[in-house]
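Enquirer:
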Amino acid sequence: MLRVGLTGGIGAGKSAVARLLIDHGAVVIDADAIAREVVAVGTPGLRAVVDEFGPQMLCADGSLDREALGAVVFADPAARRRLEAITHPLVGAEATRRMADAPADAVVVYDVPLLVEAGLSGGYDVIVVVVAPREVRLARLADRGLAREQALARMANQASDSARRAVADILVDNSGSPEDLHDQVAEVWKRFSASIA
Ligand code: ADP
Numbered sequence: 015m016l017r018v019g020l021t022g023g024i025g026a027g028k029s030a031v032a033r034l035l036i037d038h039g040a041v042v043i044d045a046d047a048i049a050r051e052v053v054a055v056g057t058p059g060l061r062a063v064v065d066e067f068g069p070q071m072l073c074a075d076g077s078l079d080r081e082a083l084g085a086v087v088f089a090d091p092a093a094r095r096r097l098e099a100i101t102h103p104l105v106g107a108e109a110t111r112r113m114a115d116a117p118a119d120a121v122v123v124y125d126v127p128l129l130v131e132a133g134l135s136g137g138y139d140v141i142v143v144v145v146a147p148r149e150v151r152l153a154r155l156a157d158r159g160l161a162r163e164q165a166l167a168r169m170a171n172q173a174s175d176s177a178r179r180a181v182a183d184i185l186v187d188n189s190g191s192p193e194d195l196h197d198q199v200a201e202v203w204k205r206f207s208a209s210i211a
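Counting in the working numbering, the sequence shown runs from 15 upward without gaps.
1) Hey, could you find the ends of the beta strand (DSSP E) threonine 44 is sitting in?
2) Can you find a heavy atom of the ligand ADP that lies under 7 Å from the Cβ of aspartate 157?
3) What residue from Leu166, Val86, Val122 has the CA that sits closest to arginine 33's CA?
4) So what's leucine 104 in DSSP terms, helix, strand or just coil?
5) Taking the alpha carbon of arginine 179 as the point to measure from, which residue in Val142, Val105, Ala109, Asp119 has its own alpha carbon closest?
6) Cutting at 8 Å between CB atoms, please list the residues of its own chain near aspartate 147, excluding the five before and the five after it.
7) Kindly list the residues whose CB is nearer than 7 Å to the CB of alanine 62, restricted to its own chain and excluding five residues on each side of it in sequence; keep chain order.
8) Could you give the distance in angstroms between the alpha-carbon of aspartate 65 and the alpha-carbon of aspartate 79?
9) Assuming aspartate 119 and isoleucine 210 are in contact, meaning their beta carbons sit under 8 Å apart, how far apart are those beta carbons, in whole angstroms?
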């Protein structure tokens, strides 16, 4: 098995790279999706969040009120750390379980936006970082409907490009066209295939 960590700042094109890798046959484990699952209705994760932050964090239907929780943790780094102390171990355990379930000859890609921020850069054979200039990222995010101010606020909460580059074994430069990205990922896949052959 080849264990790959995939990350990139918001709008860099990490999801696009993950999709291309799936087309090549990678098993992609999506940390954001797991992060939603571990606080779904009826989970110990959701109970722990409510114990910590109060029942006002629930919507009328009993699901997590992401906006209410976001307002609390966005304004208060200590609260954010208390939330992460609940969610990160749950996400990590589930990701580890899914990796263990993958076939022995698989290329397993752990798609984790906060790989650098959460100190998760250990434990991979290869770390792939997707980069693109900030203005390009902002323009693509605007096309996707994310306002510039919101995008900038998210970027301010993420690791710097230099911190991400520092952990990269492979840099994917997504400043060009989708075709260019496609070709770069094909090259990356060749390297992966060679290393598990
Ligand atoms: P991330 O997962 O890193 O936040 P995405 O993969 O969702 O970023 O890409 C952000 C937006 O930019 C998406 O709407 C995507 O379709 C678009 N995009 C990604 N790569 C390119 C590219 N090379 N050219 C044009 N648009 C792109």
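Backbone N, C-alpha and C fix where the C-beta goes; we use that ideal spot for every residue, glycine too.
Expert: On the basis of the coordinates in this document:
1) According to the sequence shown, residue 44 is aspartate rather than threonine. That run of the beta strand (DSSP E) goes 41-44.
2) yes
3) Val122
4) helix
5) Val142
6) Reading off the sequence, residue 147 comes out as proline, not aspartate. Hits under 8 Å: Ser189.
7) Ile100
8) 14 Å
9) 6 Å
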